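Here is the structure we will look at, set down as structure tokens.
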Amino acid sequence: MAGGADGRRAYLFGLAPGRVERTVGLPWQGRAGRTLRRWLRMDEETFFATFTCASVTRCYPGPAASGRGDRLATAAERALCRSWWEEELRVLEPPLVVTVGGLAAKTLLGSGRLGDMVGKSYLRGDAIVIPLPHPSGASGWLNEPANRARLGKALTHVRRELGASE
């Protein structure tokens, strides 16, 4: 099967629902979601028709102690949710998996620095995995020009793969 039974062609794998998503009950509804859709050049309808949205953890982890962004889920919290996304990937067999943020990329691809992963494509089973940075305003990763270039390359990879699966 190429993608989900509902016609979605790709699997979007993030860290966890955020504050807005917790309230609204839908993924990628806050500022980070709007930024991600802008990066992908997709309106909301196209985005949700294209991606099955999932995350390392299924629950909002709460705010970071610093007050900037959300708290990273603990290893125990991540372990509790692992069987859910592993089974989704097994059943859906998506041809494309896009990870959002360093922890999501490391969860699927193993250890590594985000800067070394963004802009490259990987194989995981039969799926192509393309890591993206997190589009949150809390992240300073995109302040570096080299990282913005990596993002541009990664987004080109995503658009190419989505075009190939049509």
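Counted the way numbering that gives the first Met the number 0 counts, the sequence shown spans residues 0 to 165.
From the three backbone atoms N, C-alpha and C, an ideal C-beta is built for every residue, glycine too.
Values in this document were obtained by computation on a predicted structure and should not be read as measured data.
Query: Looking only at DSSP bridge pairs, what is LEU131 linked to?; Result: VAL99
Query: Can you list the alpha helix (DSSP H) stretches of 4 or more residues lying completely in the segment 24-107, in chain order?; Result: 30-39, 43-49, 74-91
Query: What's the call for SER82, buried or exposed, on a 16-neighbour Cβ count within 10 Å?; Result: exposed
Query: When you compare only the Cα positions, how much space is there between VAL117 and ALA48?; Result: 24 Å
Query: According to DSSP, is ALA15 helix, strand or coil?; Result: coil
Query: Enumerate in chain order the residues of its own chain whose CB-to-CB distance from LEU141 is below 7 Å, with the five nearest sequence positions on each side excluded.; Result: PRO132, ARG147, LEU150
Query: Rounded to whole angstroms, what's the CA-CA distance from TRP38 to GLY68? Just pull it up for me.; Result: 20 Å
Query: Look up ALA9 in the DSSP assignment and give the residues it is bridged to.; Result: PHE50, LEU95
Query: Where does ARG123 sit, in a helix, a strand or coil, going by DSSP?; Result: strand
Query: Taking only three categories from DSSP, how would you classify VAL117?; Result: coil
Query: Look at ALA15 and ALA72 and say whether their C-beta atoms are less than 7 Å apart.; Result: yes
Query: When you compare each of ASP115, GLU160, GLY13 to THR51 by their alpha carbons, which one comes out closest?; Result: GLY13
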